[in-house]
Amino acid sequence: MKNEKIQQCINAIAKFLAVRDISSLNSEELEKAFGLKKVDVLVLLGNSILYTIKCAVEAYNKNLCKKILINGGIGHSTSLLMEEIKKNGELNFVEVKDRAEADVFFDIMTKHYNIPSEDIIIENKSTNCGDNACKAIEILNKLGILYESLMLIQDPAMQLRTYASFSKYVDNNKIKLINYAPFIPALDDNLRLANKGIDGIWTEERFIELIMGEIPRLRDDINGYGPRGKQFIVHIDVPREIEECHNNLKTIFNDENLYGR
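The numbering of the sequence shown is full-length UniProt numbering, which starts it at 1 and goes up by one.
Structure below.
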């Protein structure tokens with residue numbers, strides 16, 4: 001019964017964080033939900049999951065965006081990204097040493113997936129989620145790129161916080177922010193990640209560490225990232241059932257090491 005409870009709690013938190021405003025990357029879904037055939041800019045946030053690049057490429061190839069903004073400098077996930085690239089035989093042409101995530105993503109998108117470089121904007125100075133949003137909007141404004149819609153693609157564990165960060169810098173009444181978490185993480189009955197075919201997906205330990213860390217960040221209190229705390233994001237309502245799941249997991253994790261390591 002304990003494993004079932006752990007599975008339910010983790011999957012509930014993961015689904016809460018991995019926001020998808022459209023169920024799949026197609027124009028019918030986009031038009032149905034937002035009245036758009038395509039978005040003005042797709043923002044691909046730097047992270048360690050190579051599969052997110054495939055999602056951005058899919059959206060571009062399906063003509064769902066006019067431009068792609070690759071957003072991210074050197075941050076806490078950069079070393080993990082570099083390790084994933086080194087393990088991937090198809091990407092051994094990519095130079096990774098001391099490079100920003102956005103520059104690495106650009107090489108992959110243009111050289112491996114053949115996305116035209118003129119349709120890509122690079123922001124390679126930001127170092128964290130809030131900084132990503134700030135510098136992304138700054139570079140769009142600096143380049144004079146007009147936009148009324150942005151699609152955000154990020155590591156699923158950080159999708160909601162990314163949305164909350166961008167909401168701090170754009171007027172949601174004028175700009176449509178569209179979330180597309182590249183996949184919805186879930187654990188199976190054996191408490192192993194059930195998601196298949198995801199290049200660069202985390203270990204189970206890393207996944208749990210990430211989602212457990214996200215809930216305190218999203219809280220709008222003195223220790224959180226909301227307006228009453230560090231002011232990195234707009235206010236986010238964390239449902240009571242998600243807080244209960246988080247508290248239950250904290251108790252369980254204090255009692256045992258789930259994966260025997």
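We put the beta carbon where it would ideally sit given N, CA and C, even for glycine.
- For GLU123, the enclosing beta strand (DSSP E) covers residues 120-123.
- Straight-line spacing of the CA atoms in ASN179 and LYS97 works out to 31 Å.
- ARG161 carries a helical assignment under DSSP once its states are collapsed to helix, strand and coil.
- Cα atoms of GLU243 and GLU90: separation of roughly 41 Å, rounded to the nearest angstrom.
- Take TYR169, set aside five residues on each side of it, and the residues of its chain with a beta-carbon closer than 7 Å to its own are ALA133, CYS134, ILE137, in chain order.
- Cβ contact annotation for GLY73 (same chain, cutoff 6 Å, sequence separation greater than five): ALA100, ASN124, LYS125, SER126, THR127, in chain order.
- In its own chain, leaving out the 5 sequence neighbours on each side, no residue places its CB closer than 6 Å to the CB of LYS2.
- DSSP places LYS142 in the uninterrupted alpha helix (DSSP H) bounded by 129-142.
- Minimum Cα-Cα distance from GLY130 among the listed residues THR110, MET151, TYR163 corresponds to TYR163.
- By the beta-carbon neighbour count (other beta carbons within 10 angstroms, threshold 16), HIS235 is exposed.
- Burial state of HIS76 is exposed, judged by a 10 Å Cβ sphere holding fewer than 16 other Cβ atoms.
- LEU25 is positioned such that its CB atom lies no closer than 8 Å to that of LYS66.
- When the alpha-carbon of MET158 is set against those of HIS112, ASN254, GLY46, the nearest one is in GLY46.
- ARG240 counts as exposed, since fewer than 16 other C-beta atoms from the protein chains shown sit within 10 angstroms of its C-beta.
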